[in-house]
Every structure is written in structure tokens, then in C-alpha cells.
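Novice: Have a look at this one.
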Amino acid sequence: QESIMYLDESNPQGTYESDISVTRADIEVEPYVLIPSLGEKINFSYSVPSDTRTIIRVFDLSGRFITSLVDTFIDPGQNNWQSSWDGRDHLGQMLSPGTYIMHIESMNFQTGYTTTDVSPVVIGVKP
Numbered sequence: 323q324e325s326i327m328y329l330d331e332s333n334p335q336g337t338y339e340s341d342i343s344v345t346r347a348d349i350e351v352e353p354y355v356l357i358p359s360l361g362e363k364i365n366f367s368y369s370v371p372s373d374t375r376t377i378i379r380v381f382d383l384s385g386r387f388i389t390s391l392v393d394t395f396i397d398p399g400q401n402n403w404q405s406s407w408d409g410r411d412h413l414g415q416m417l418s419p420g421t422y423i424m425h426i427e428s429m430n431f432q433t434g435y436t437t438t439d440v441s442p443v444v445i446g447v448k449p
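FYI, the numbering for the sequence shown is 323 to 449, going by the working numbering.
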């Protein structure tokens with residue numbers, strides 16, 4: 323029992339590493355109405371712990387999948403990112419006006435630690 327060590331995170335070599343820069347997934351969407359029919363895009367930024375698989379998806383308010391925006395492995399040292407979305411679904415069709423949820427999930431394969439965050443996105447129409 324004395325030889326058991328409990329660690330929050332570890333690397334494949336077995337030494338303890340602490341990533342104090344970013345400890346959870348966070349997504350921030352610019353606070354304005356997106357109008358895809360005008361060719362607009364909405365910018366969003368996100369930060370995730372390093373050494374994780376990160377997926378950003380869009381859902382409608384009933385929880386139905388709309389599209390995936392990001393699905394990548396984040397290397398150590400790369401924690402903050404920016405991107406944009408044109409308001410289209412996974413088939414390339416413009417979405418109906420309404421409120422949608424941008425969902426980020428970040429998982430470390432070695433530890434199983436998963437963190438998520440959500441942010442609303444409002445799709446409008448040309449007046």
C-alpha cells in the first residue's frame with residue numbers, strides 16, 4: 323500500500339506533469355446573430371488542455387446533431403485556438419433561424435479526463 327501513488331495526470335514515461343495553463347475546455351462564440359444567407363461567418367475561440375482529443379459539434383435545442391466543426395488531437399503546448407463557422411449543417415445546407423448549441427469536448431486518452439463546455443449561437447434571416 324505504501325508504494326501506490328495517486329496522480330492527476332501522467333505521461334507515457336510515467337513521470338508526473340502538471341498542466342496549470344489550461345485545465346478545462348472552454349469555448350467562446352462572438353455575441354452576434356449569424357445570417358448565413360448574407361455569407362456571414364461567426365468567429366469562436368476555444369482553449370483546451372494539451373495532449374487531448376478535441377471535438378466541437380453543433381446541436382439544435384432538441385439535441386439533434388447538426389455538424390462537427392473540429393475533431394483533432396491537440397499537441398502539448400498548443401492550448402488556444404480560433405476558428406469560424408458559416409451556419410451550415412454537415413450537408414452544406416443553411417440552417418433555419420433559431421438558437422443552436424456549440425459544444426466542445428476534450429478528452430485525454432491516457433487519463434480518461436474529459437471536460438466539456440457549451441455556448442449558444444443564434445441564426446437569423448435577412449430582414
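Beta carbons are placed, not taken as given, at the ideal position from N, Cα and C, and that holds for glycine.
Here the structure is a predicted model, which is why all the values come from computation and not from measurement.
Roughly how far, in whole angstroms, is the beta-carbon of Gln-358 from the beta-carbon of Ile-423, given that I think they are within contact range, below 8 Å?
Specialist: Position 36 of the sequence shown, counted from the first residue, corresponds to residue 358. Position 101 of the sequence shown, counted from the first residue, corresponds to residue 423. At residue 358 the sequence reads Pro, which differs from the Gln that was named. So it is not a contact: roughly 17 Å between Cβ atoms.
Novice: Looking at C-alpha atoms only, which residue of Leu-383, Thr-376, Glu-362 is the closest neighbour of Arg-410?
Specialist: Sequence index remark: in the sequence shown, residue 410 carries index 88 (1-based). That would be Glu-362, whose Cα lies nearest to the Cα of Arg-410.
Novice: Which residue wins for smallest C-alpha separation from Pro-371, given the options Ser-390, Pro-442, Glu-427?
Specialist: On the sequence shown, residue 371 is found 49 positions in, with the first residue counted as 1. Checked all of Ser-390, Pro-442, Glu-427; the closest Cα to Pro-371 is Glu-427.
Novice: Nearest to Asp-373 by CA position, among Val-440, Ser-441, Gln-432, is which residue?
Specialist: Locating residue 373 in the sequence shown gives position 51, where the first residue counts as 1. Among Val-440, Ser-441, Gln-432, the Cα nearest to that of Asp-373 is on Gln-432.
Novice: On the criterion of 16 or more Cβ atoms from any shown chain inside 10 Å, does Tyr-368 qualify as buried, or is it exposed?
Specialist: Looking up residue 368 in the sequence shown gives position 46. Flag for Tyr-368 reads buried.
Novice: State the Cα-Cα distance for the pair Asn-430 and Gly-420, rounded to the nearest angstrom.
Specialist: Residue mapping note: residue 430 aligns to position 108 of the sequence shown, counting from 1. Residue mapping note: residue 420 aligns to position 98 of the sequence shown, counting from 1. So the alpha carbons of these two residues sit roughly 33 Å apart.
Novice: Span of the beta strand (DSSP E) holding Arg-346?
Specialist: Translated into the one-based positions of the sequence shown, residue 346 becomes position 24. First-last for Arg-346: undefined, no H or E at that position.
Novice: In whole angstroms, what is the alpha-carbon distance linking Pro-353 and Val-443?
Specialist: Residue mapping note: residue 353 aligns to position 31 of the sequence shown, counting from 1. Residue mapping note: residue 443 aligns to position 121 of the sequence shown, counting from 1. Cα to Cα, the separation comes out at about 8 Å.
Novice: Could you name the residues of the same chain whose beta carbon sits closer than 6 Å to that of Asp-439, not counting the 5 residues immediately before and after it, in chain order?
Specialist: The residue labelled residue 439 in the question sits at position 117 within the sequence shown. Hits under 6 Å: Ala-347, Asp-348, Ile-349, Ile-426.
Novice: Ser-418 by DSSP, collapsed to three states: which one?
Specialist: On the sequence shown, position 96 is the one that residue 418 refers to. Ser-418: coil per DSSP, three-state reduction.
Novice: Compare the Cα-Cα distances from Val-447 to each of Leu-356, Trp-403, Thr-345 and report the closest residue.
Specialist: Translated into the one-based positions of the sequence shown, residue 447 becomes position 125. It is Leu-356.
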